[in-house]
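Note sheet for the following structure.
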Amino acid sequence: MTRLITAVTVALLPFIGTSLGALAVFFVKGGLNHRLKPVLSGLSAGIMTAASIFSLLLPAIEWSAGRALPAVSGFLIGVLAMLLLDEVLPRLTTAARDRTDLLVLAVTLHNLPEGMAVGVALSAFLVGSPFMGAAAALALSVGVAVQNVPEGAIVSLPLASKGMARRRAFILGVLSGAVEPLGALFTLWLVSFVTALLPYVLALAAGAMIYVVVRELIPESLENGAGAWGVTAFSLGFALMMLLDVAL
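Residue numbering for the sequence shown follows my numbering, starting at 2 and increasing by one per position.
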């Protein structure tokens with residue numbers, strides 16, 4: 002029962018983080034402050050980078066008995082998959098009415114690798130990996146949940162500022178995070194067939210997350226001349242994830 006509770010908690014925490022962020026639509030008037038967005042993006046980038054390294058790539062290498070090939074190939078496959086998704090995305094968004102619609106879809110899609118990361122960490126824990134215990138899986142889940150809070154706000158606040166009812170904007174913000182537990186379940190299902198795939202999938206999730214960091218979050222953290230604030234937020238996010246990884 003304890004393992005089941007742990008598994009459910011780890012799978013749902015990121016979704017809960019997004020939902021909490023979406024609640025901002027009921028307390029904040031107008032859109033997201035243009036000075037605050039780079040800080041939030043930098044914080045998310047730092048957390049995701051640290052999570053990719055400490056919670057995904059290093060366990061992938063350790064699981065492979067120190068061999069780099071599974072981690073390297075999985076990482077590159079993850080990056081390639083996101084590159085291909087970026088090619089498909091413009092076709093999916095041709096019907097988008099404005100940049101806000103595009104933002105909602107982009108956030109929703111980039112939540113997928115985060116869900117996969119949590120799912121593969123959970124898979125490693127459930128199969129008894131010595132490199133990914135309950136605490137390590139929980140640390141990753143908490144880190145993703147923390148950085149999902151601003152993402153929920155980034156989705157719901159612009160929708161409300163465009164005139165959408167706050168309740169509906171909140172629901173869409175919540176739904177943008179629903180892909181994460183789905184991604185976690187998909188990864189659990191995939192790894193359940195072939196445990197040997199685990200180091201590859203760990204690294205694949207890391208590659209997908211790093212792609213999102215470099216492609217979306219770092220540029221956003223440097224917008225509007227906020228370079229110093231963005232870098233500071235990135236560093237704090239990275240340090241926070243390291244602290245979670247060590248403490249848990």
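Just so it is clear, CB atoms sit at the ideal spot from N, CA and C, and this is done for glycine as well. None of the values given here were measured: they were computed from a predicted structure.
Residue i versus residue j - alpha carbon distance
| i | j | result |
| --- | --- | --- |
| residue 42 | residue 232 | 10 Å |
| residue 241 | residue 157 | 25 Å |
| residue 57 | residue 166 | 39 Å |
| residue 126 | residue 135 | 6 Å |
| residue 61 | residue 229 | 33 Å |
| residue 199 | residue 14 | 22 Å |
| residue 1 | residue 23 | Any question about residue 1 goes unanswered here, given that the chain covers just 2 to 249. |
| residue 16 | residue 120 | 13 Å |
| residue 163 | residue 221 | 21 Å |
| residue 170 | residue 110 | 18 Å |
| residue 193 | residue 178 | 24 Å |
| residue 7 | residue 137 | 11 Å |
| residue 128 | residue 3 | 15 Å |
| residue 250 | residue 27 | Not covered by the structure: residue 250. The range shown for the chain is 2 to 249. |
| residue 197 | residue 160 | 43 Å |
| residue 98 | residue 173 | A caution first: residue 98 carries a pLDDT of 49, below 50, which makes its placement in the model too unreliable to give a value. |
| residue 81 | residue 39 | 26 Å |
| residue 73 | residue 183 | 26 Å |
| residue 188 | residue 68 | 22 Å |
| residue 5 | residue 133 | 16 Å |
Assigned exposure category for residue i - 16 Cβ within 10 Å defines buried
| i | result |
| --- | --- |
| residue 190 | exposed |
| residue 225 | exposed |
| residue 52 | buried |
| residue 47 | buried |
| residue 122 | buried |
| residue 154 | buried |
| residue 84 | exposed |
| residue 248 | exposed |
| residue 96 | The predicted position of residue 96 is uncertain, since its pLDDT is 49 and thus under 50; no value can be drawn from it. |
Presumed contact (8 Å Cβ cut-off) between residue i and residue j, rounded CB distance
| i | j | result |
| --- | --- | --- |
| residue 71 | residue 201 | 5 Å |
| residue 115 | residue 181 | 6 Å |
| residue 1 | residue 11 | With the chain covering only 2 through 249, there is no way to say anything about residue 1. |
Cβ-based neighbour list, residue i, same chain, cut-off 7 Å, excluding 5 preceding and 5 following
| i | result |
| --- | --- |
| residue 77 | 208 |
| residue 45 | 148, 151, 152, 218 and 238 |
| residue 86 | 110 |
Beta-carbon proximity list for residue i, same chain, < 6 Å, skipping 5 on both sides
| i | result |
| --- | --- |
| residue 37 | none |
| residue 246 | 55 and 140 |
| residue 214 | 46, 49 and 50 |
Contact with chain D by residue i, beta-carbon distance below 8 Å
| i | result |
| --- | --- |
| residue 154 | You won't find chain D in this structure, because it holds only one protein chain. |
Cβ-based neighbour list, residue i, same chain, cut-off 8 Å, excluding 5 preceding and 5 following
| i | result |
| --- | --- |
| residue 235 | 43, 44, 46, 47, 50, 219 and 222 |
| residue 20 | 153, 174, 175 and 178 |
| residue 261 | Since the first residue shown for the chain is 2 and the last is 249, residue 261 is missing from the structure and cannot be characterised. |
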